[in-house]
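**Q** Residue numbers (the numbering used here), protein chains in the order written: chain A, 6 to 227; chain B, 6 to 227. For each residue, glycine too, the CB sits at the ideal point set by N, CA and C. Note that the coordinates shown come from a computational prediction; the quantities given were computed from them, not determined experimentally.
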DNA sequence: GAGCTTTTTTAGGCGAATCTAAAAAAAAAT
DNA sequence: ATTTTTTTTTAGATTCGCCTAAAAAAGCTC
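(1) At the level of alpha carbons, what is the spacing between residue 216/A and residue 191/A?
(2) Looking at the secondary structure, which residues open and close the alpha helix (DSSP H) in which residue 46/A lies?
(3) Please classify residue 169/B as buried or exposed, where buried requires at least 16 other C-beta atoms within 10 Å of its C-beta.
(4) Verify the CB distance criterion: does residue 97/B have a CB-CB separation below 8 Å to chain A?
(5) Can you tell me the Cβ-Cβ gap for residue 104/B and residue 132/B, rounded? I've got them flagged as a contact below 8 Å.
(6) Is it the case that the stretch 65-83 of chain A contacts the stretch 134-142 of chain A, given that we only count it when at least three CB pairs across the two stretches are under 8 Å?
(7) What are the residues that DSSP puts in a beta bridge with residue 186/B?
(8) In three-state DSSP terms, what is residue 218/A?
(9) Is the beta carbon of residue 219/B less than 8 Å from the beta carbon of residue 165/B?
(10) Counting only Cβ-Cβ distances shorter than 9 Å, please list the residues of the stretch 106-133 of chain A near chain B, keeping chain order.
(11) Can you say whether residue 63/A is buried or exposed, counting buried as having 16 or more other CB atoms within 10 angstroms of its CB?
(12) For a contact defined as C-beta to C-beta under 7 Å, what are the partners of residue 93/A on chain B?
(13) Any idea if residue 100/A is buried or exposed, counting beta-carbon neighbours within 10 angstroms, 16 or more meaning buried?
(14) Can you name, in chain order, every residue of its own chain whose Cβ lies under 7 Å from the Cβ of residue 231/A, other than the five neighbours on each side?
(15) Measuring only between beta-carbons, confirm whether residue 201/A sits less than 8 Å from chain B.
(16) Any beta carbon from chain A within less than 8 Å of residue 136/B's own beta carbon?
(17) Measuring only the C-alpha atoms, how far is residue 154/B from residue 211/B?
(18) So does the stretch 65-75 of chain B actually touch the stretch 9-20 of chain B, counting three or more Cβ pairs closer than 8 Å?
(19) Among 181/B, 180/B and 158/B, which one has its Cα closest to the Cα of residue 188/B?
(20) Taking residue 184/A as the reference, give the member of 32/A, 193/A and 124/A with the closest Cα.
(21) Use the C-beta contact count for residue 173/A: other C-beta atoms within 10 angstroms, 16 or more gives buried, fewer gives exposed.
(22) Could you spell out where the beta strand (DSSP E) holding residue 67/B opens and where it closes?
(23) Name the chain B residues that come within less than 7 Å of residue 104/A, Cβ to Cβ?
(24) Residue 78/B bridges to which residues according to DSSP?
(25) Going by alpha carbons, who is nearest to residue 206/B out of 90/B, 180/B, 12/B and 61/B?
(26) According to DSSP, simplified to helix, strand and coil, what is residue 197/A?
(27) Please return the same chain residues whose Cβ sits closer than 7 Å to the Cβ of residue 130/B, not counting the five positions on each side in sequence.
(28) Cβ atoms of residue 75/A and residue 16/A: under 8 Å apart, would you say?
(29) Consult DSSP for residue 147/B and reduce its assignment to one of helix, strand or coil.
(30) Could you have a look at residue 2/B and say whether DSSP puts it in helix, strand or coil?
(31) Could you give the distance in angstroms between the alpha-carbon of residue 150/B and the alpha-carbon of residue 208/B?
(32) Please list the terminal residues of the continuous alpha helix (DSSP H) segment that includes residue 58/A.
(33) Looking at C-alpha atoms only, which residue of 30/B, 29/B and 44/B is the closest neighbour of residue 11/B?
Structure representation (structure tokens):
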């Protein structure tokens with residue numbers, strides 16, 4: 006069975022819209038895909054024939070199990086490529102979406118699994134969204150302040166709530182950047198500081214004041 | 006101007022066929038692209054309209070300057086991705102061609118230039134073929150036995166003329182593998198050995214007997 | 001529940017890239 | 001220099017993904 010780029014985009018769009026409303030309308034899809042409702046209807050018939058969606062005229066659509074599985078594989082590819090672009094190629098996390106939209110349609114399964122290994126099997130993309138694993142299982146993600154991170158759990162830095170020059174300077178000094186994998190190794194109540202590791206490096210100590218501005222995502226069941 | 010995947014494949018095929026014969030025939034193209042001559046004729050008309058080829062019915066085709074430039078950009082992408090797949094993801098160099106055929110059509114110029122940097126601006130792909138730079142300039146490549154490599158020039162290992170277990174064992178011991186960047190730092194005539202570095206690491210000494218089995222590629226003008 | 005509005009589908013077409021079958025041009029052979 | 005063979009082009013279909021315009025179904029409103 007061959008899945009075209011266009012079909013994959015429909016499947017992904019249906020997946021995302023299902024998060025809001027379990028039954029997805031033709032109009033909502035047309036809006037999402039920047040296309041016309043008539044075109045959507047055409048495609049829905051084809052996706053139905055390929056058993057990727059449940060579809061009855063005028064009744065909206067839902068992904069079938071195999072449609073859902075496919076959607077998760079596409080999202081996995083999209084998010085792994087985003088991670089790659091930010092972590093390895095130094096792109097800003099605002100500019101990667103568009104490029105990942107193209108890369109997510111590269112078909113090789115082996116490629117994506119090796120990329121996953123190469124990147125260290127990350128649990129979240131640069132926006133903190135969970136990356137499904139090769140089996141299509143989506144890790145449960147907490148997105149919180151670094152100070153809420155339990156000791157010993159690895160988490161990825163997804164945003165900084167203060168963009169001042171002083172802050173960026175401090176972050177650079179600690180070699181902390183968006184996407185860095187952080188782990189709390191110790192908490193010191195006395196002087197309100199915490200000891201962390203960055204990217205598995207040596208432990209460093211930072212103030213709770215700094216930690217309060219760092220927002221991280223981590224998987225809750227490993 | 007928009008270039009589709011199919012058009013890009015035609016341009017690339019014409020480029021490669023021009024290496025053998027400066028005037029490319031419809032039949033040769035059809036063979037190369039696994040399509041029919043009639044389809045080729047259709048496409049040639051379109052490529053001609055877009056000024057990518059010189060085309061007169063019955064007279065074969067040649068790339069125009071802009072067609073040539075486009076071909077070099079596609080080849081650059083193809084070979085950089087191949088390098089990435091082998092060097093970073095650990096693919097064997099036989100299995101990367103097919104995947105690179107897909108990756109080469111990703112459009113972002115910024116992506117490919119950053120990938121180039123990330124990979125250390127390699128001059129050759131895993132097969133020893135030259136990688137055009139961002140301006141479309143193709144480095145001149147020597148492919149020879151490691152023993153012919155001048156002292157101090159970096160070269161990439163592209164093949165090993167002996168696949169015995171003993172040989173592979175020895176290579177693993179020296180952490181030499183296909184794609185490794187080698188440089189000769191010293192030659193010792195006395196015991197027929199040479200001193201080399203692998204991937205910029207510390208110098209190691211190997212026998213000329215081993216070196217005779219290693220084939221490398223390097224750029225002749227840097 | 002009759003009429004109006006919105007949503008969705010159908011019908012018919014278009015451009016891209018392919019195909020087959022047939023015609024035309026070029027090349028080769030005698 | 002004809003004839004034969006090969007190559008190339010034209011003509012006419014097909015599939016895919018999209019479009020517009022019009023019809024049909026569903027959903028509101030009073």
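**A** Quick answer:
(1) 13 Å
(2) 42-54
(3) exposed
(4) no
(5) Between the beta-carbon of residue 104/B and that of residue 132/B there is about 14 Å, and that puts the pair past the 8 Å contact cut.
(6) yes
(7) 161/B
(8) Coil at residue 218/A, not helix or strand.
(9) yes
(10) 107, 108, 110, 111, 112, 113, 115, 116, 119, 120, 122 and 123
(11) exposed
(12) What residue 93/A touches in chain B, judged by beta-carbon distance under 7 Å, is 123, going in chain order.
(13) exposed
(14) Because chain A spans 6 through 227 in this model, residue 231/A falls outside it and cannot be assessed.
(15) no
(16) no
(17) 14 Å
(18) Enough Cβ pairs lie closer than 8 Å, so yes.
(19) 158/B
(20) 124/A
(21) exposed
(22) 66-68
(23) 113 and 116
(24) Note: residue 78/B sits in no beta bridge, so no partner.
(25) 180/B
(26) coil
(27) For residue 130/B, where only same-chain residues beyond five positions count, the Cβ hits under 7 Å are 84, 87, 88 and 136.
(28) yes
(29) strand
(30) As shown, chain B starts at 6 and ends at 227. That puts residue 2/B outside it, with no answer to give.
(31) 19 Å
(32) Residue 58/A -> not in any alpha helix (DSSP H); beta strand (DSSP E) instead, spanning 58-60.
(33) Distance from the Cα of residue 11/B is smallest, within the candidate group 30/B, 29/B and 44/B, for 44/B.
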